[in-house]
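Asks: Following full-length UniProt numbering, the numbering of the sequence shown begins with 1 at its first residue and continues without gaps.
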Amino acid sequence: MQRFAGRNKEMIRLCTKIPEKFAVTAEMLKPFLQNDTLRSELSNKRFFVIDHSILNKCKKGNGSVVCSPIALFYRRNDDKIVPIAVQLFQDNADDNPVSFHSDSKYTWILAKMWFNNADACVHQSISHLGYTHIVMEGFAVSVHRHLSQSHPMFKLIAPHLMYMMTINELAVGTLLKKGGFIDTVVSVGTEGAFELPNQMEAQRGRNAPGQPQREGCRQPRSSFLLPLPG
Numbered sequence: 001m002q003r004f005a006g007r008n009k010e011m012i013r014l015c016t017k018i019p020e021k022f023a024v025t026a027e028m029l030k031p032f033l034q035n036d037t038l039r040s041e042l043s044n045k046r047f048f049v050i051d052h053s054i055l056n057k058c059k060k061g062n063g064s065v066v067c068s069p070i071a072l073f074y075r076r077n078d079d080k081i082v083p084i085a086v087q088l089f090q091d092n093a094d095d096n097p098v099s100f101h102s103d104s105k106y107t108w109i110l111a112k113m114w115f116n117n118a119d120a121c122v123h124q125s126i127s128h129l130g131y132t133h134i135v136m137e138g139f140a141v142s143v144h145r146h147l148s149q150s151h152p153m154f155k156l157i158a159p160h161l162m163y164m165m166t167i168n169e170l171a172v173g174t175l176l177k178k179g180g181f182i183d184t185v186v187s188v189g190t191e192g193a194f195e196l197p198n199q200m201e202a203q204r205g206r207n208a209p210g211q212p213q214r215e216g217c218r219q220p221r222s223s224f225l226l227p228l229p230g
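Set out below in structure tokens:
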């Protein structure tokens, strides 16, 4: 359940059809199914997928390698949702094999490691830098310009925007500068970190995370698909 409670949970989607670019077959997935055929398990909404295709042509920092992976998850009979297959790049090709949960220990660990690195790049650049800081700075400015401090909406929103512009200014001058922390530690570097939010906005348009129509497309939030805690 880490994928539904962790730092980048908004990227997971219900999988109703195996993507054509994902080089897995029903026969390959059969050992992981606990009930029936792949077709029936897809119909029963037991598969979930994360597709980081947005990283496919992203700029890389300092010659780093960044995967654009696809990961497939399966809800078992005990309601645990587990990763069962990872493909590190988008192309369905002989030199881009799929790693499975049944592979050797270190092959599977390495596949998950590279996936998690890509996932961290998406989270840091889009979910965190993009939507938490860059986009919200515009809201912070607008709230202070156009709402009275006695307005109910100001009272509701203002605590969440506290220090927003100060933090952003400090981040640009330290973390995000050329040769800074993001540029040297995060695989996409500073250029990629600024490029990815723009790419995501171009893909999604107005359907940004949190909007009802986008949340409806995700579907995993439904209690019929996921086990309730407790």
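Yeah, the Cβ is synthetic: ideal placement off N, Cα and C, and Gly gets one too.
Using a Cβ-Cβ cutoff of less than 6 angstroms, which residues in the same chain neighbour ILE182 once the five nearest sequence positions on both sides are dropped?
Replies: Counted from its first residue, the sequence shown places residue 182 at position 182. Only residues of its own chain outside the window of five on either side were considered, and among them LEU175, LEU176, THR190, ALA193 have a CB closer than 6 angstroms to the CB of ILE182, listed in chain order.
Asks: When we look at the beta-carbon of GLY130 and count the other beta-carbons within 10 Å, is it buried (16 or more) or exposed?
Replies: Along the sequence shown, read from residue 1 onward, the residue named residue 130 stands at position 130. Per the 10 Å Cβ criterion, buried.
Asks: With H, G and I counted as helix, E and B as strand and the rest as coil, what does DSSP make of VAL86?
Replies: To locate residue 86, count along the sequence shown from 1; it is residue 86. Here VAL86 sits in strand by DSSP.
Asks: Does the region 8-20 touch the region 120-130, meaning 3 or more C-beta pairs lie closer than 8 angstroms?
Replies: yes
Asks: Does the distance from the CB of VAL141 to the CB of ALA111 come in under 7 angstroms?
Replies: Here residue 141 refers to the residue found at position 141 when the sequence shown is read from its first residue. Here residue 111 refers to the residue found at position 111 when the sequence shown is read from its first residue. Against a cut-off of 7 angstroms, the Cβ pair of ALA111 and VAL141 comes out as no contact.
Asks: List, from N- to C-terminal side, the alpha helix (DSSP H) runs of 4 residues or more that fit wholly inside the region 31-100.
Replies: 38-43
Asks: Around the C-beta of ASP51, are 16 or more other C-beta atoms found within 10 angstroms, so that it is buried, or is it exposed?
Replies: Position 51 of the sequence shown, counting from 1, holds the residue named residue 51. It counts as buried.
Asks: Just checking: is the beta-carbon of PRO69 within a distance shorter than 7 angstroms of some beta-carbon in chain C?
Replies: Going by chain labels, chain C is absent from the structure shown, which holds only one protein chain.
Asks: Is the CB-CB distance between GLU137 and MET165 below 7 angstroms?
Replies: Counted from its first residue, the sequence shown places residue 137 at position 137. Counted from its first residue, the sequence shown places residue 165 at position 165. Cβ distance < 7 angstroms, so GLU137 and MET165 count as in contact.
Asks: At the level of alpha carbons, what is the spacing between SER148 and VAL135?
Replies: Working through the sequence shown from its first residue, we reach residue 148 at position 148. Working through the sequence shown from its first residue, we reach residue 135 at position 135. Cα-Cα distance, rounded: 22 angstroms.
Asks: What are the residues that DSSP puts in a beta bridge with LEU176?
Replies: Walking along the sequence shown from the start, residue 176 turns up at place 176. Its beta-bridge partners do not exist; DSSP assigns none.
Asks: Determine whether the beta carbon atoms of PHE32 and ILE81 lie at a separation below 7 angstroms.
Replies: Residue mapping note: residue 32 aligns to position 32 of the sequence shown, counting from 1. Residue mapping note: residue 81 aligns to position 81 of the sequence shown, counting from 1. The answer is no: Cβ separation not under 7 angstroms.
Asks: Counting C-beta neighbours from all protein chains within 10 Å, is the total for GLY6 16 or more, i.e. buried, or is it exposed?
Replies: Looking up residue 6 in the sequence shown gives position 6. The C-beta of GLY6 has fewer than 16 other C-beta atoms within 10 Å across all chains shown, which makes the residue exposed.
Asks: Does the contact criterion of 3 or more C-beta pairs under 8 angstroms hold for the region 88-105 versus the region 61-73?
Replies: yes
Asks: Going by DSSP in three states, ARG7 sits in which element: helix, strand or coil?
Replies: One-based indexing of the sequence shown puts residue 7 at position 7. ARG7: coil per DSSP, three-state reduction.
Asks: What's the gap between the Cα of GLN34 and the Cα of SER43?
Replies: In the sequence shown, the residue the question calls residue 34 occupies position 34. In the sequence shown, the residue the question calls residue 43 occupies position 43. Roughly 14 angstroms separates the two Cα atoms.
Asks: Which class does LEU14 belong to by DSSP, given the choice of helix, strand or coil?
Replies: For the purposes of this step, residue 14 is identified with residue 14 of the sequence shown, where counting begins at 1. The answer is strand: DSSP assigns LEU14 an E or B state.
Asks: Could you tell me the alpha carbon to alpha carbon distance between LEU38 and ALA26, rounded to whole angstroms?
Replies: Taking the sequence shown and counting its residues from 1, one reaches residue 38 at position 38. Taking the sequence shown and counting its residues from 1, one reaches residue 26 at position 26. CA-to-CA, the gap between LEU38 and ALA26 works out to about 6 angstroms.
Asks: Going by C-alpha to C-alpha distance, which of GLU41, PHE22, ASN77, HIS146 sits closest to LYS30?
Replies: One-based indexing of the sequence shown puts residue 30 at position 30. If we check each option's Cα against that of LYS30, GLU41 comes out closest.
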